[in-house]
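One point on numbering: in the numbering used here, the residue at position 83 of the sequence shown is 84, and numbering is uninterrupted.
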Amino acid sequence: MTADKMVLCYNKGCGNEYDPQESSDDECVYHCGAPVFHDAYKSWSCCEKKTTDFTEFLNIKGCCKGKHNNVKPEVPAKSENDITPAPESVRPPERMERPSVDLPLVPLPSTISSSLRKLLNNLVVSDKTAEEVTKQAICQRKGCGKAKVDVENEDDTCEHHPGCPYFTKV
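See the structure below:
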């Protein structure tokens, strides 16, 4: 075999040089499908092997056997219709002037959607003040431990924590 007789195979995934006189019908190992590029993965549509590295993708062994092909695939030529014109220069919108501090404030209208109104109508609010708290109840604030019997008025502030004591039903 001389270098003059060698022809390059154009099957996808093959790319080997071969002698057209001595090649057999099942000598070429190639990919019969198209390359697939999805997210970071690269694969062939004809086989299940996926990779994230482009070099590994090019080195994936073909899944089909057949005859070498010395005909270069045609690349579709771009027509003038395919060329998209360059966008005109885009200018940002002009800035609005900030209103003076002396101007009166304008209340913004508030609206309640119908779906929220339905939910609000179905909402049941429980009145925790109606619960009966026994005399043995202990303040639930951390570090207090004061009993309800010791407190004359629930609005009084406690000496162990800020605010009034917090009693719950036992």
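Note that CB positions come from ideal geometry on N, CA and C, so glycine has one too.
Under 8 Å between C-beta atoms of residue i and residue j
i, j, result
"residue 71", "residue 8", "yes"
"residue 33", "residue 19", "no"
"residue 1", "residue 24", "Within the shown structure, residues of the chain are numbered from 2 to 171, placing residue 1 beyond reach of any answer."
Residue nearest to residue i in terms of C-alpha spacing, selected from the options
i, options, result
"residue 67", "102, 60, 28", "28"
"residue 42", "36, 53, 25", "53"
"residue 15", "64, 102, 115", "64"
"residue 26", "45, 69, 13", "69"
"residue 58", "86, 13, 89", "13"
"residue 49", "40, 55, 56, 62", "62"
"residue 17", "105, 117, 60", "60"
Strand pairing of residue i, partner residues [DSSP]
i, result
"residue 11", "According to DSSP, residue 11 bridges with nothing at all."
"residue 18", "9"
"residue 30", "66"
- Query: Considering only residues of the region 36-99, which uninterrupted beta strand (DSSP E) runs meet the minimum length of 3 residues and lie entirely inside it, listed in chain order?
  - Reply: 36-39, 42-45, 65-67
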